[in-house]
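Here is the structure we will look at.
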Amino acid sequence: MREILLVLNVKATTFLAGMLDLRIASLLKNLASLLIFGGVAVGVFLVSRGATGYLLQQAHIGLFLFHRFLSMLLYVFFITVNLGNMIVCYATLYKAEEVNFLMGLPLPHHQIFILKFIDNFFYSSSTLLLLGLALLLGYGSYFSMPWYFYLFTLFVVLLPFMLVAGIVAVIALMALIKVASHIGIRWLLAGVVALYLSAIYIYFAVSNPVTLVQEVMKHYPDVNAYFGYLDPPFVRYLPNHWVAEFLYWTVAGDPTRASAGLVTLLGSLLGLMIVAGVLSRVYYYRSWLAASDARTGRSGRPLRFQIRILEFGRPGRLSGQVDSLLRRDFWIFFREPSQWLHLSLMILLLMVFLVSMRSLEVKLAQPFLQTVSYLVVFLFNGFLIASVSLRFVFPAVSLEGSVFWCIRSAPVPLRRVYWQKFLSSFALVFLVAEVLAMASTAMLRDNPVLVAVGALCTGFMALALTSVNLGAGAYFASYREKNPIRVASSQGATLTFLGSLLYLGCVVMILVVPLNRYFEILILRGSSAPSSLVLPVVAVGVLSVLLFLGSTAVGQAALRRDY
Amino acid sequence: MIELHHVSKKFGSFTAVDDVSLTIERGQFFGFLGPNGAGKTTTIKMLTGLFAPTSGSCSINGFDMQRDPLPAKRSIGYVPDQPFLYDKLTGREFLYFIGGLFQMRPQELRLRIEEYTEAFEIGDFIDRRGEEYSQGMRQRVVLSAAMLHDPKVLVIDEPLVGLDPRSSRLVKDSLKEKTKNGLTIFMSTHLLEIVEELCDRIAIIKQGRIIYEESQSSSRRSDGELEAMFLELTK
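As structure tokens, then:
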């Protein structure tokens, strides 16, 4: 155990040295991080408090239903932490160079496992923990909870809840690597994605929120009672339910019943820790060896697909340098399972989103509700574009990696490398964004002005978000990190994502008043006034172009830095 | 021809390279020696455009690496100290990629790849992906990539690390042959016997400063003479 503490101490010291760096550039960077993280945390706090108040005071859904909604939110949170840990875990526990180094030291394998698990958990879950805390503060402040409630819930409920998700992920990963050695990593990854999608689908199908609401609302206005008999039996075995039960009985003033959920959660955590400890002793080293073999292609045949026109050595229509860069990017992308699989998953999610859009009814009579529904869909599109950009555009420069020497020492203008990256990324993001915008706005409304506004603003968003992610990705580039998922979940990436959300917030603020006026004229007077939307669209365009210019300048300067 | 003119490189308050000036004539095989952390790799990175000097200038065949990087880089072949390749590309694809960056004509590129596949005996594994290569395999592919466009200047950082004796012999013979045809080589290494065998001229760097430089091509040194001198100068 002393060895683990020693390594953790070194890691903590290195982290603190980075945080306490007193150089002006570092201070500014840390200050900017603090402002963005702080801003988002305050935003989440206000939304959490406002939503709690609205649902309980305005919508009168009652404490029970509110906590069942909270339970569903916690389920999605659990799956997010779990999946995030599993994805990053593979990079941290199996692919990291540090593990190769540690395996060569006289350290027991299970200690390396514990060390890397802690590393992985805090790396992949710290932002979610911050968001969880902000949500908790908003929730608790609505119920005027005392200060110790927050401390207790954070450390004894929320953190163990996330740890359960993380440990389940790592146990599953060890088992999956065993399976992967038989069926191959690609099929396994595809299976895992299918499994997670099924888990979400089955959960919401079985717990059926609509039926639950209907059943509870039969008792209106007596909706504050405990309708536990409405819970499907299997839900009671899920950690999100235990946390929701703890919170429900705490605010209902029954600490005895609250402790039941808590004890189950902590007991499960303890049990899982023991299982993970035992498994790591007998299986971590063997699974690490199996993963090493799989990576070097010694455990099976690599999946080969060929597109002859894109093979190296074939004549191309573009200049030699751009042609080479594009072919390289194409093959590296499609030979890396984590890249194409993630892309497939995102496309699938977008399709699910579009299909679910078709069933939405937005024939609302009030202009403000029309504005809100339009902007919610628009914002959700923006959120998806920001996620796609973060995942695929942000890591683009980092993925040049240790091989960047061959481009830096070749007679290629770095501007050209940057533009090649920008244009190929922009083409992808723009395509996704426009399909989303056109399909979602056209499905919901047969108003060509609103479809055009959506398409134009989404185009500007694609421009801004692609350039921001590429520029920030170059600025925060980590050439030593080989895993794109880890790059896309680094501190720089988180800051960029939060920055993207701020940009989306600004776009919505620019559009909200003119759109509301447009809907007022449309609904109340029955006429259309498209000219009132010209100025806000131009404003969104100007903001986006400014961001594009700034990000491009930052990104190109960053690319020229010493390598 | 390579020229370094009062080149310095600072990282914060630390000076890695301090006022280094060197001129290496066409066709010379130049050995750049120094203990660990002396500034050899930093110098090489400035020479190849990977680092910008804090002051001074580096030029290749008369082209300043900072002001005129493209013509300067066109003349250079570079072999880094760590032969990193793309894991997901095969050796052949990597060579095509490099040829594309140097804007070589497709027909010429194909012939050159065949030539170096044979010269460095990489045919057995050239169609396997980089993730399957050993250090020596990577080194041979990187050497082929560096020579592919027929550079006028070859800058090599530790060229023989990881090579087996046969590959090492192949590389040494190939480099010697190239210098006879006018190739200028700037090589950094710790292996003094390689320097004794191959280099026409040497310089020794310590704590960022040149502490010894041969003014012109030296005659063969006797066995152990270079080692004794190196140890004395760098102690």
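So the sequence lines, in the order shown, correspond to chains F and C.
For the first sequence, this note's numbering gives the first residue as 1, with consecutive numbering after it.
For the second sequence, this note's numbering gives the first residue as 1001, with consecutive numbering after it.
All residues carry an ideal CB built from backbone N, CA and C; glycine is no exception.
- Close CB contacts of F/S144 within its chain, under the 7 Å cut and outside five residues either way in sequence, are absent.
- DSSP places F/F101 in no beta strand (DSSP E) but in the uninterrupted alpha helix (DSSP H) bounded by 97-103.
- Excluding sequence positions up to five before and after C/S1167, its CB lies within less than 8 Å of the CB of F1120, E1121, G1136, Q1139, R1140, all in the same chain and listed in chain order.
- The straight-line gap separating the alpha-carbon atoms of F/P536 and F/F378 is approximately 15 Å.
- Interface flag for C/G1031 against chain F is unset, since no Cβ pair is found closer than 8 Å.
- Scanning the region 1025-1058 of chain C for uninterrupted alpha helix (DSSP H) segments of 4 residues or longer gives 1040-1047, listed from N- to C-terminal end.
- Note on C/K1009: 16 or more other CB atoms within 10 angstroms of its CB, so buried under the neighbour-count rule.
- The beta carbons of C/H1149 and C/M1104 sit about 6 Å from each other, so the pair counts as a contact at 8 Å.
- In this structure, C/L1070 is the residue among C/L1226, C/L1070, C/D1200 with its C-alpha nearest to the C-alpha of F/L414.
- Taking CB atoms only, F/D329 has no neighbour in chain C less than 8 Å away.
- Taking the beta carbon of C/L1111 as reference, no residue of chain F falls within 8 Å; the closest one sits roughly 12 Å away.
- Rounded to the nearest angstrom, the gap between the Cα atoms of F/G473 and F/G39 is 21 Å.
- Annotation for C/D1157: no alpha helix (DSSP H) segment contains it, though the beta strand (DSSP E) segment containing it runs 1153-1157.
- Residue-level contact check: C/Y1116 does not touch chain F, since none of the beta carbons of chain F fall below 8 Å from its beta carbon.
- Beta-bridge pairing by DSSP links C/F1011 to C/F1014.
- The C-alpha of F/V251 lies about 19 Å from the C-alpha of F/A59.
- Cα atoms of F/L423 and F/L559: separation of roughly 16 Å, rounded to the nearest angstrom.
- Along the region 400-421 of chain F, the positions whose C-beta sits under 8 Å from a C-beta of chain C are G401, S402, V403, W405, C406, I407, R408, S409, A410, P411, V412, P413, read in chain order.
- Within the same chain, Cβ atoms closer than 7 Å to the Cβ of F/N516 are found at P367, F368, T371, the five residues on either side in sequence being excluded.
- Against chain C, the beta carbon of F/Y90 has no neighbour under 9 Å; the closest one sits roughly 15 Å away.
- Contact note: F/D562 reaches chain C through K1045, L1050, F1051, A1052, using a C-beta cutoff of 8 Å and chain order.
- DSSP places F/F227 outside any beta strand (DSSP E), giving it a letter other than H or E.
- The Cβ of C/R1138 sits no closer than 8 Å to any Cβ of chain F.
- Residue contact check for F/G555 against chain C: no CB pair falls below 8 Å.
- Distance between F/A290 and F/F117, taken at the CA atoms: about 18 Å.
- By the CB criterion at 8 Å, F/I79 and F/I200 fall inside the cutoff.
- Under the 8 Å criterion on CB atoms, C/E1108 is classed as non-interfacial with respect to chain F.
- Judged by beta-carbon spacing, F/A462 lies beyond the 8 Å limit of F/F497, meaning their Cβ atoms are not closer than that value.
- Taking 8 Å as the cut-off, the beta carbon of F/V451 is found no closer than this to the beta carbon of F/L350.
- In the DSSP annotation of this structure, the continuous segment of the alpha helix (DSSP H) that includes F/T371 starts and ends at 367-392.
- The bridge partners DSSP lists for C/I1002 are C/I1024, C/I1060.
- Residue contact check for C/K1010 against chain F: no CB pair falls below 8 Å.
- Proximity of chain C to F/G320 at the Cβ level (cut-off 7 Å) is accounted for by G1100, Q1103, in chain order.
- Neighbours of C/F1084 in chain F, taken as residues at a C-beta separation under 9 Å, are given in chain order as G401, S402, V403, F404, W405, C406.
- Taken in chain order, the complete alpha helix (DSSP H) segments of 4 residues or longer contained in the region 1104-1147 of chain C are 1106-1119, 1135-1147.
- With a threshold of 8 Å between beta carbons, F/E481 makes no contact with chain C.
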